[in-house]
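Residue numbers (the working numbering): 42 to 322.
We put the beta carbon where it would ideally sit given N, CA and C, even for glycine.
Model, not experiment: these values are computed from the prediction.
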């Protein structure tokens with residue numbers, strides 16, 4: 042339930058200003074990150090040796106391990122996220138151990154535990170393009186813009202970074218009913234990978250890991266499932282822009298844009314979120 046509320050928090054409180062039609066602008070095009078050639082998502086088959094769901098090596102040089110259930114050693118979260126290094130088909134996963142890939146057989150050496158080998162499926166990657174090469178890396182949030190309807194009025198907020206606790210306080214101060222304070226929840230980074238993984242890492246160590254998709258019209262999109270409980274419900278969808286929706290001449294950034302509907306404290310709200318993102322080198 043705690044993890045569900047974190048997801049609801051991110052889906053519902055990251056709401057932004059509406060976008061006007063864009064003029065033709067220069068698109069953001071970035072070179073591939075240093076570890077892009079090693080990026081891969083390894084999905085474990087059913088086995089009785091581990092509760093790991095998948096291990097992903099990201100373009101930015103971090104690994105992501107997602108477990109089937111929360112792990113006590115990582116404070117109830119079900120993800121590990123840290124840096125990796127490599128030598129051939131062997132990878133050292135900082136804070137976990139090492140793995141060795143041989144065809145579709147993966148040997149896992151977790152520190153302090155016996156090694157074992159399991160079959161894996163290697164997830165297909167996105168087609169190569171300037172757009173996906175640019176998107177697939179880790180990003181920090183420069184700016185959060187929010188626009189939400191309260192009665193007949195539009196409430197707008199602009200904040201540096203993305204601190205959910207501060208955003209909640211500002212929304213409540215402007216008449217938006219939010220049932221939770223989300224203390225200490227600040228977005229540390231957002232990561233997109235060529236295996237279609239979308240991850241949000243919070244500064245308190247919690248993670249949200251989801252999947253994004255390529256829509257029928259060819260645009261890049263993602264969806265949060267409808268989440269919540271008796272006190273809080275939210276759903277959201279959106280896309281990524283590689284051109285500046287503010288028309289301010291910014292380059293080298295991307296913009297994550299999300300439409301959100303939420304019910305909290307007996308009130309329903311609809312709005313938009315826009316995050317301005319810069320690459321983490």
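inquiry  = Beta-carbon within less than 7 Å of residue 107's beta-carbon, same chain only, minus the 5 sequence neighbours each way: which residues are those?
reply    = 94, 95, 119, 120, 250
query = If you draw a straight line from the C-alpha of residue 213 to the C-alpha of residue 189, how long is it?
reply = 12 Å
ask   = Is the beta carbon of residue 97 less than 9 Å from the beta carbon of residue 236?
value = yes
Whole-number beta carbon distance between residue 314 and residue 299, since they are thought to touch under 8 Å = 4 Å
task = Have a look at the DSSP bridge pairing and note the partners of residue 224.
result = The partner list for residue 224 (beta bridge, DSSP) is empty, contrary to what the question assumes.
query = Where does residue 214 sit, in a helix, a strand or coil, going by DSSP?
reply = helix
Three-pair Cβ contact test at 8 Å for the region 163–174 versus the region 70–80 = yes
message = If the criterion is Cβ atoms closer than 9 Å, does the pair residue 316 and residue 186 meet it?
response = yes
ask   = Does the separation of the CB atoms of residue 201 and residue 184 fall below 9 Å?
value = yes
query = For the alpha helix (DSSP H) that residue 174 lies in, which residues bound it at each end?
reply = 171–176
query = In whole angstroms, what separates the C-alpha of residue 161 from that of residue 90?
reply = 13 Å
ask   = residue 158 to residue 123, Cα distance in whole Å?
value = 22 Å
task = Compute the distance between the beta-carbons of residue 242 and residue 234, then report whether it is under 9 Å.
result = no
ask   = The beta strand (DSSP E) spanning residue 179 covers which residue range?
value = 179–191
message = Measuring only the C-alpha atoms, how far is residue 58 from residue 203?
response = Residue placement at residue 58 is flagged as unreliable, the pLDDT there being 42, under the threshold of 50; the coordinate-derived value follows with that caveat. For residue 58 and residue 203, the distance between alpha carbons rounds to 15 Å.
task = For the beta strand (DSSP E) holding residue 70, just list the boundary residues, first then last.
result = Where residue 70 is concerned, there is no enclosing beta strand (DSSP E), given that its DSSP letter is neither H nor E.
task = Under the assumption that residue 225 contacts residue 196 (Cβ atoms under 8 Å), give the Cβ distance between them as a whole number of angstroms.
result = Not quite, the Cβ-Cβ distance comes to about 24 Å (not below 8 Å), so this is no contact.
task = Please look up how many angstroms separate the CB atoms of residue 191 and residue 310, rounded, as I've assumed it's under 8 Å.
result = 7 Å
key: Minimum C-alpha distance to residue 103 - residue among 85, 78, 110   = 78
ask   = What are the boundary residues of the beta strand (DSSP E) that residue 311 is part of?
value = 308–320
ask   = What beta strand (DSSP E) runs, 3 residues minimum, are completely inside the region 109–168?
value = 120–128, 131–134, 138–143, 146–151, 157–163
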